[in-house]
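Colleague: My numbering puts the sequence shown at residues 5 to 301.
Shown below is the structure under consideration.
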Amino acid sequence: MLNNSWAAELDLERGRGTAVARPEKTLDTGDHVRDLIRRNLGKAVAGAAVALSGTAVAVAVALPGSAGAGEQGARPDAAAAAQQQQAPRPGVVEAAPPEGDKGIGSDPLTDRELERAEQLALTGAVRMRSEDVEGHRGPQHISTNLAELPPEEADDATPPRRARVTYYNYADDTLLTKTVNLTTGKVEQADTARGAQPPPTRDEVAQAAALIIADPLGKGLKADYKDIMGKELTSPGQLVLSGGAFRKETEEQLPPRLAACGEHRCVRVMSKVVHGPWINTRDLIVDLSARTVTRVR
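Here you go:
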């Protein structure tokens, strides 16, 4: 409190037991205000310093949190990487196990069994008296399939495996079928038929196409091929081919040259340009036995 009077102050001086009254220093109003400002300014500066230091501490404390936030921001990438590592690998198609020499039960014939069946069925006498579709010695191979078991062997644990081998003999237009026991190596049955016409093989269809290309009736096929491809058609290998056995009873007006079909080996050819359109050749019938081409209407 400000005043201009003496203030009594007890001061115990060291070594003295007396109380000494000291006059209080008298301040004028301006000096007192300046002193008050200095003291308050010091407090303000000190408070600011404390505040700054507190801010520094807060920043120091906040920095690790920011780093943690960055780590949290990186966690999805780490999680994605972990998931990618744990993701199942794409499937791999394993190679088929090696085929044995012999099948079991109703398994399809193995390559070795197919070869052996055809060797057993094609004896020297059959080879010498027959021709294939191109006129070479030996019959035309049609098919080789696993033979069905007879009823008396159906319940056997290990029944013998048999193959049915079918040939077409162009020398006399007969269909020859032999049943071969692959266990014993013997031909158990041989059948010969006339007028039986199974679907043509790939070799027979190719030979029929070759006859069409070489025949005057094949000029339409060759012209269409040149229009599409810009080059000449000279061989069946330039076409995608399919075919079927020709049934003369399906034609109302049968050309006389096709009257022998059924006894002869007659086929109808469908042709297609490789990676291109079909070319109509269904009206051309090829008699492979007589090696002729005839148009049907």
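Think of the CB as a built atom: it goes at the ideal place given N, C-alpha and C, for glycine as much as any other residue.
Closest to residue 267 by CA distance: which of 105, 244, 175 and 94 is it?
Modeller: Comparing Cα-Cα distances from residue 267 to each of 105, 244, 175 and 94, the minimum goes to 175.
Colleague: Assess contact between the stretch 213-233 and the stretch 165-184, defined as three or more Cβ pairs (one per stretch) separated by less than 8 Å. Is contact present?
Modeller: Cβ pair count under 8 Å is below three, so no.
Colleague: What's the call for residue 238, buried or exposed, on a 16-neighbour Cβ count within 10 Å?
Modeller: Result: exposed.
Colleague: Distance check for residue 144 and residue 129, CA to CA, integer angstroms please.
Modeller: Approximately 15 Å between the Cα atoms of the pair.
Colleague: Report back the beta-carbon spacing between residue 124 and residue 191 to the nearest angstrom; my notes put them in contact at under 8 Å.
Modeller: Residue 124 to residue 191, Cβ: 6 Å. Contact.
Colleague: So, helix, strand or coil for residue 225, using DSSP?
Modeller: Residue 225: helix per DSSP, three-state reduction.
Colleague: Is the Cβ-Cβ distance between residue 183 and residue 193 less than 8 Å?
Modeller: Taking 8 Å as the Cβ cut-off, residue 183 and residue 193 qualify as a contacting pair.
Colleague: Leaving out five residues on either side along the sequence, give the residues of the same chain with a beta carbon under 8 Å from the beta carbon of residue 106.
Modeller: Excluding residues within five positions, the ones whose Cβ falls inside 8 Å are 114, 116, 117, 165 and 186.
Colleague: How would you label residue 70, buried or exposed, when you count the other beta carbons within 10 angstroms and need 16 or more for buried?
Modeller: Here residue 70 scores only 46 on pLDDT, less than 50, and its place in the model should not be relied on; the value that follows carries that caveat. Residue 70 should be labelled exposed.
Colleague: Note down, in chain order, each residue of its chain lying with its Cβ closer than 6 Å to the Cβ of residue 204, except the 5 sequence neighbours on either side.
Modeller: 247 and 271, listed in sequence order.
Colleague: Fully enclosed by the stretch 223-268, which beta strand (DSSP E) runs are 3 residues long or longer?
Modeller: DSSP runs (the beta strand (DSSP E)) wholly in the stretch 223-268: 243-249.
Colleague: Which stretch, first to last residue, makes up the alpha helix (DSSP H) that contains residue 125?
Modeller: That run of the alpha helix (DSSP H) goes 115-125.
Colleague: Whole angstroms is fine: what's the gap from residue 250's alpha carbon to residue 158's?
Modeller: If you take the alpha carbons of residue 250 and residue 158, they lie about 37 Å apart.
Colleague: Below 6 Å CB to CB, which residues in the same chain sit around residue 298 once its five sequence neighbours on both sides are set aside?
Modeller: Here the set comprises 259, 261, 262 and 289.
Colleague: Look at the alpha carbon of residue 142 and the alpha carbon of residue 180, and state the distance between them as a whole number of angstroms.
Modeller: So the alpha carbons of these two residues sit roughly 12 Å apart.
Colleague: Going straight from the alpha carbon of residue 277 to that of residue 229, what length do you get?
Modeller: Using only the alpha carbons, I get a separation of about 7 Å.
Colleague: Work out the CA separation of residue 93 and residue 241 for me, nearest whole Å.
Modeller: Cα to Cα, the separation comes out at about 43 Å.
Colleague: Take residue 112 and list the residues in its own chain whose beta-carbon comes closer than 8 Å to its own, dropping the five residues that flank it on each side.
Modeller: The answer, listed in chain order, is 150.
Colleague: Once DSSP output is grouped into helix, strand and coil, what is the label at residue 193?
Modeller: DSSP places residue 193 in strand when its eight states are reduced to three.
Colleague: Could you tell me whether the Cβ atoms of residue 300 and residue 253 are closer together than 8 Å?
Modeller: No, the Cβ-Cβ distance between residue 300 and residue 253 is not below 8 Å.
Colleague: In this structure, does DSSP put residue 291 in helix, strand or coil?
Modeller: Strand, per DSSP.
Colleague: So what's residue 284 in DSSP terms, helix, strand or just coil?
Modeller: In the structure shown, residue 284 sits in coil (DSSP, three-state: anything other than H, G, I, E or B).
Colleague: Name the one or two DSSP bridge partners that residue 279 has.
Modeller: Paired residue(s): none; residue 279 is not in a bridge.
Colleague: Just verifying my parser: in three-state terms, what is the DSSP assignment at residue 201?
Modeller: The answer is coil: DSSP assigns residue 201 none of H, G, I, E or B.
Colleague: Just to confirm before moving on: does the CB-CB distance between residue 213 and residue 273 stay below 8 Å?
Modeller: Yes, the pair counts as a contact, with Cβ atoms nearer than the cut-off.
Colleague: Expressed to the nearest angstrom, what Euclidean distance is found between the alpha-carbon atoms of residue 296 and residue 281?
Modeller: Each residue's Cα considered, the two are about 26 Å apart.
Colleague: Helix, strand or coil: how does DSSP classify residue 135 here?
Modeller: Three-state result, residue 135: strand.
Colleague: How big is the Cα-Cα spacing for residue 161 and residue 120?
Modeller: Computed Cα separation, rounded: 23 Å.
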